[in-house]
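Take the sequence shown: its letters are residues 58 to 418, numbered as in this note's numbering.
Built from N, CA and C at the ideal position, the CB exists for glycine as well.
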Amino acid sequence: MKVLLSGGGTGGHINPGIAIARYLKEKQPDTEILFVGTHKGLEGELIPKAGFEITFIEVEGFRRKLSLQTLGTVKKMFKGYAQSKKILKEFKPDIVIGTGGYVCGPVLYAACKMGIKTLVHEQNVIPGVTVKMLSKMVDGVLTSFPETDQYMKGNLILTGNPISPDLFTYERDSARRTLEFDERPLILTYGGSLGARRVNETVGEMIRNTAKDGSYQILYATGKREYDKVLEEMKGHEYDNVRIEPYLYNMGECMAAADLVIARSGAMTVSELSAIGKPAILIPSPNVAHNHQEYNARALEEKGGAMVLTENELSAEKLYEMVQGFLQDAEKQKNMAEQSKKAGIRDATETIYQTVLSLTK
């Protein structure tokens with residue numbers, strides 16, 4: 058079987074593609090995989106690092122305001138379409154799978170026009186522009202949340218987001234021993250690989266105001282870009298129960314060890330938290346298209362697996378009030394963990410694999 062995957066720009070579009078590719082190779086080792094991306098996104102770095110071949114087309118996303126740049130974007134879109142056709146003719150895939158981002162638009166459009174089987178995967182509750190445009194053309198839209206069917210029509214197939222199997226290998230007590238945390242409540246907080254200024258400001262203030270008594274432990278990933286600034290802000294407030302890191306390379310182990318997670322609500326974060334049943338306080342980023350992070354967060358909140366704190370409501374006092382309300386209520390901890398796990402989808406890659414098989418028979 059030959060499979061062409063396309064999606065890029067951010068890790069949120071690239072990592073699901075890598076997870077799908079790995080699972081296909083695991084199930085059928087002779088599967089040939091080719092990725093298509095652009096030179097502008099992270100795919101040029103992440104995909105070869107994952108061991109897969111990638112080729113590139115020239116295309117860029119549309120800006121919301123009409124300008125001379127928009128005309129250039131249209132020209133590149135046509136060029137990207139022509140390049141996609143050439144790649145498809147040479148590689149001859151049995152199926153093309155898009156995982157979002159503007160790069161998969163011309164690739165999937167060309168595949169549809171050429172009669173090749175196509176799937177597109179949407180990671181968020183609210184579908185992106187590219188996925189919405191393609192939804193009526195492709196053979197199937199793979200969705201990650203049941204709520205997506207309120208916002209898009211077409212042949213929707215609920216699969217969930219592909220989760221790394223590593224996430225399920227850790228257990229709370231052994232993870233704590235490895236990470237050298239004791240039995241006091243452990244909070245894990247992170248705001249993405251680069252960091253989120255507003256989240257860091259608030260978490261930092263909460264720590265300065267409340268951590269000195271040692272009643273809780275906190276593992277605080279600032280993001281690489283924010284690390285030095287946060288260390289400067291925390292001078293004079295270095296406590297044994299507070300561990301500050303720029304980035305966590307063992308996130309699965311850290312999540313397993315934690316009692317509560319404070320994080321943004323990107324699609325993969327919400328999917329990972331619910332897959333392992335980890336209670337969370339979610340702080341949606343307002344700086345995303347269609348406010349999609351709040352929709353992701355609300356989907357888990359409505360099922361009882363998370364609490365949502367928007368940036369309009371965000372303060373150190375409010376955050377600590379929510380943390381304390383959780384840590385001091387054993388019944389709430391148990392119920393949130395159960396409801397989070399109940400909402401989680403743990404077999405996304407297998408469902409996607411079976412869908413691919415049904416289309417390529």
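- Each residue's CA atom was taken as its position, placing I114 and G69 some 20 Å apart.
- A straight-line Cα-Cα distance of about 42 Å links L103 and D270.
- Non-local beta-carbon contacts of A332 in its own chain, meaning distances under 6 Å to residues more than five positions away in sequence, involve I220, G401 and R403 in chain order.
- Under the three-state reduction of DSSP output, F113 falls in the strand class.
- L176 sits close to L416, with the two beta carbons spaced by under 9 Å.
- Of the candidates M291, L330, K292 and E290, the residue whose Cα lies closest to the Cα of G309 is L330.
- Scanning its chain for C-beta atoms nearer than 6 Å, with the 5 sequence neighbours on each side dropped, one finds around G162 the residues T187, in chain order.
- Distances from the CA of A363 to each of K391, T412, P73 and E100 were compared; the closest alpha carbon is that of K391.
- CA-CA distance, K59 to A78, rounds to 11 Å.
- A direct Cα-Cα distance of roughly 19 Å separates P341 from F383.
- Taking every protein chain shown into account, the CB of Y166 has 16 or more other CB atoms within 10 angstroms, so this residue is buried.
- In summary, D196 is buried, with 16 or more beta-carbon neighbours lying within 10 Å of its beta-carbon over all protein chains present.
- Judged by beta-carbon spacing, G65 lies within the 9 Å limit of V160, meaning their Cβ atoms are closer than that value.
- For V93, the closest of Y277, S328, P184 and G155 by C-alpha to C-alpha distance is G155.
- Between G157 and P73, the C-beta spacing is below 9 Å.
- Annotation: the segment 247-285 contains the following complete segments of the beta strand (DSSP E) (minimum length 3 residues), in chain order: 274-278.
- Rounded to whole angstroms, the Cβ separation of R229 and A313 is 6 Å, and the two are in contact under 8 Å.
- Residue environment analysis places E100 among the buried positions, since at least 16 neighbouring C-beta atoms fall within 10 angstroms of its C-beta.
- Distance from the CA atom of A232 to the CA atom of L276, rounded to whole angstroms, is 13 Å.
- Secondary structure remark: continuous beta strand (DSSP E) runs of at least 3 residues inside the segment 162-213, in chain order: 174-179 and 197-200.
- The beta-carbon distance between P242 and Y273, rounded to whole angstroms, is 5 Å. This is short enough to meet the 8 Å contact definition.
- At a Cβ-Cβ threshold of 9 Å, Y377 and T267 count as neighbours.
- For the options K399, M325 and N348, the alpha carbon positioned closest to that of K360 is the one of K399.
- Rounded to the nearest angstrom, the gap between the Cα atoms of I111 and S141 is 13 Å.
- Here I301 really is in contact with L288; their C-beta atoms are around 7 Å apart, less than 8 Å.
- Within the same chain, and ignoring the five residues on either side of H294 in sequence, the residues whose Cβ sits closer than 7 Å to its Cβ are I264 and R265.
- For E370, no beta strand (DSSP E) segment is defined, and its DSSP state is neither H nor E.
- The C-alpha of I244 is placed about 29 Å away from the C-alpha of I183.
- E204 and K292 have their C-alpha atoms roughly 44 Å apart.
- If you draw a 10 Å sphere on the C-beta of N353, you find 16 or more other C-beta atoms in it, and that means buried.
- Between I173 and V198, the beta carbon gap of about 16 Å keeps them out of contact (Cβ cut-off 8 Å).
- Taking all protein chains in view, the Cβ of N369 is surrounded by fewer than 16 other Cβ atoms within 10 Å, so the residue is classified as exposed.
- Here DSSP, grouped into helix, strand and coil, assigns E302 to strand.
- Exclusion of the five residues before and after L91 leaves L61, E110 and F148 as the residues of its chain whose Cβ lies within less than 6 Å of its Cβ.
- Sorting M325, L224 and C311 by C-alpha distance to the C-alpha of N218 places M325 at the top.
- Under the criterion of beta carbons closer than 8 Å, P336 and M393 qualify as touching, at roughly 4 Å.
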